[in-house]
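Okay, so the sequence shown: first residue is 0 according to numbering that gives the first Met the number 0, each after it adds one.
The beta carbon of each residue, even a glycine, is placed where N, CA and C say it ideally should be.
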Amino acid sequence: MMNNNMMMNNNMMNNNMYNMNMMNMMNNPNNMMYMNNMNYNMNYMVNMMNMQNMLKTMQMMGNQNQNTTLSRLQKEYMLCNQDTDLNQIGCTFGLENEGNMFQWKVSMIGPQGTPYQNGIFTISVFFPPNYPANGAEFRFKNRIYHLNVDWRERDQYGNPGNGHICLSSLNEWRSTGKVKSKPGYGVKQALFDIFCLFYNQGIESPYDDNIAAQYRDNKDEFNRIAREWTQKYAQ
């Protein structure tokens, strides 16, 4: 019994001493500054750990999304290669760089009865990492004399043409991942829209106003130059 009382007294004394030490530390400005720094450092470490965990989670989600996109592109690439409709208009498919499924190259033959006939035109297709939430971008790799393909010497900012295609369906698909007027729009539909450009010149949205004026006022001269470019750049 006596030992128990002694232990209780010792515990009380220890608690009192601890409380007194804490009060002394709090009353001492230097000690308070030290404690505040300790609390700040602890909060900083906790915040850093939370941020690292969040970045790891985002990276994992990004990898999962990219794997999903890659699987979809592999499937679409195989289907496009086997598509009889695309084969009939002379489309063949390859990759810009071996193993990079996000950049395709599509060869397309200019149809008979147009200034582009028998020309072999190569189109680069760039897929974004979040495909199909956003659609692909299409550019002609070789020069083509066409109102809706940007092969100007220089634009208003001094930049040379890059083969960009001005087509409302492509622009809408690229920015929103869908085309309101064409449900189920995808690579196949986009390539058919591009193929139709061989037959049609969108004079309402030309890249070069001078070429548009030539097409409107002197179509024979326009067709002559288009044939000349086809023989020079697409053979």
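- The beta-bridge partner set that DSSP reports for Trp103 consists of Leu94 and Val124.
- Taking every protein chain shown into account, the CB of Thr68 has 16 or more other CB atoms within 10 angstroms, so this residue is buried.
- Looking at the backbone, the Cα of Gly201 and that of Leu146 are separated by about 7 Å.
- In the three-state scheme derived from DSSP, where H, G and I count as helix and E and B as strand, Phe221 is classed as helix.
- Each of Arg173, Phe194 and Tyr206 was checked against the Cα of Thr113, and the nearest Cα belongs to Phe194.
- Nearest to Phe137 by C-alpha distance, out of Leu169, Leu78 and Tyr232, is Leu169.
- Under the three-pair Cβ rule at 8 Å, the stretch 88-106 does not count as touching the stretch 155-165.
- Taking one beta carbon from each stretch, the stretch 91-99 and the stretch 171-184 have fewer than 3 pairs nearer than 8 Å; the two do not touch.
- Contact between Lys140 and Ile119 is ruled out by a C-beta separation of about 11 Å, above the 8 Å threshold.
- Ranking Pro110, Val148, Ile143 and Gln102 by CA distance to the CA of Pro128 puts Gln102 first.
- Contact between Arg151 and Asp207 holds: their C-beta atoms lie close to 5 Å from each other, under 8 Å.
- Counting along the chain, Arg142 sits inside no alpha helix (DSSP H), nor does DSSP assign it H or E at all.
- Residue Lys187 holds the alpha-carbon nearest to the alpha-carbon of Leu72 among Lys187, Asn86, Leu196 and Ile210.
- In this structure, the alpha-carbon of Gly134 lies about 12 Å from that of Gly183.
- The beta carbon of Asp192 sits closer than 8 Å to those of Leu166, Ser168 and Leu169, all from its chain and outside the five residues before and after it, given in chain order.
- Counting the other Cβ atoms within 10 Å of the Cβ of Leu85 gives 16 or more, which makes it buried.
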